[in-house]
Each structure stands twice: as structure tokens, then as C-alpha cells.
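In UniProt numbering, the protein residues as written are 1 to 273.
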């Protein structure tokens, strides 16, 4: 349309010039101009203009075709990119769908595990409560047993105390007997000494004759003295043995009591722990 408008404008311009020129010539020379030459010029200019327009249109067509091909290639490239992007999105959507299904399965499994765990916890709590009640009962039983044991130990200690008192009494009696024996021995020694003095005063003149008898009497007295000393030593040894036996009984009773109390305390600690 633009080309035709240019052609029409060019024709109108040439025709106007031709008319003006023809009118001027007619007025000046009163000679009619040659219309064919004028139209040939007009036709030549028109053909030239049309050829130029055809060339321009062809160039524009080629440029448009190249632009169209470039646009088509760009469109194909963009379409391929979009297709790949759509495929990637489709794959991602499929992966997301699979992940969502897997997540739902995991959630279902977690719900099932939670239900199982809750039931296990409830059973465990019930077991713990029953075990705690049983431990309370055992603790009460153990405490009662310990109290009974302590009472038994107290009775045993009382018996041992009585035995110790009895041993002390026996020891006092033995000591009294030992003192009595010592006193009797000393009295006998004094009596022997008195008799010896009396015999020596009364039988001074018969001393020579009775030296042997006197020596024998002295030997007998010495033997009696040694025997009395041996008896005294035996009594002392017996007293010391009784004292050591009493000390061992006391230590054994105290150690046994401590061991039993410690064993009971460890048993209580283990049971409560």
C-alpha cells in the first residue's frame, strides 16, 4: 500500500509537471507537445521505481525470511528448552510424588511405631509399677527381717554380756581362790619357818646329827615351795587364758555383729538400687 501510494504520488507529480509544461509551451509557442514522449518518460520512471520497489521488496522478503528462520530457530530452541524444562519439571513432579508417597508411607510407619511404642510404654509402666510395689513389699519384709535380726542380735548380745559377767564372776572366784591359796602357802611357809626356828633352837646340840635329816627336810620344804609356786604359776596362766578367751569372745561377738549389719546394709542398698 505504501509503494502504491508512492507510485501514485510520483505519477501525480509528473503529470502535474507535464500539464504545467504543456500549458506553458502552449501559451508561449502555441505548439502542442508530444504526449508519447512524455508518457514514455513517465513509464520509464514508473518502471524504474517499480524495479527499485521490487528489489527493495525482495530484499525485505529475504530479510524477513532470514528473520523468520532465525525466529523459527529461536522458537524451536525455546520450544526444545521448554520441552526439556517441562520434562525436567515432570520428572521432578514424579520424584516429588514418589517422595510424597514415601513420606506418607514413612508417616504411616511412624504412626504405627508410635502406637506400638505407646503400648510398650504402657506395658513397661505397668510392669514398673508392679515391680515398684513388689520392691516396696520386699523392702517392708526386709526391714521387718532386719528388725527381727537386730532384736536377735540384742538378745545374743545380752546373753554374751551375761556370759561375760559370769566369766568375770568365775575369774573373780579364781582370783579369790588364788589369793586364798597364796595366803595358805605363805602361812605354811611361815609355819615351816617357825617350826624350823623352833627345831633349830631346841636341837642346837643335835644339829650335827640331824644335818642330813634337816637337809632332807629343807629339800622337802623346797620341793613343796616349788610345787606351790608351780601351782601359783598354773593358776596365773589359767587366769590369763580365761582373760584372753573372754577378750576373743568379745571381739568375735562385736566383729560378727558388725559383719552381719554391714551385710544387711549392702543387701538393702542393692535391693533399693
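C-beta: ideal position from N, C-alpha, C; glycine also.
Less than 8 Å separating the beta-carbons of residue i and residue j?
i, j, result
"residue 167", "residue 223", "no"
"residue 164", "residue 250", "yes"
"residue 146", "residue 246", "no"
"residue 189", "residue 239", "no"
"residue 184", "residue 235", "no"
"residue 10", "residue 58", "no"
Skipping 5 residues on each side, what residues in its chain have a beta carbon closer than 6 Å to that of residue i?
i, result
"residue 195", "none"
"residue 153", "257"
"residue 151", "none"
"residue 253", "160"
"residue 212", "none"
"residue 97", "none"
Please look up how many angstroms separate the CB atoms of residue i and residue j, rounded, as I've assumed it's under 8 Å.
i, j, result
"residue 260", "residue 161", "At roughly 17 Å, the Cβ-Cβ gap does not stay under 8 Å, so residue 260 and residue 161 are not in contact."
"residue 142", "residue 268", "6 Å"
"residue 192", "residue 158", "Not quite, the Cβ-Cβ distance comes to about 50 Å (not below 8 Å), so this is no contact."
Looking only at its chain, what residues have a beta carbon closer than 8 Å to the beta carbon of residue i, apart from the 5 residues adjacent to it on each side?
i, result
"residue 104", "none"
Starting from the C-beta of residue i, find all residues in its chain whose C-beta is less than 7 Å away, skip the five residues before and the five after it, and write them out in chain order.
i, result
"residue 116", "none"
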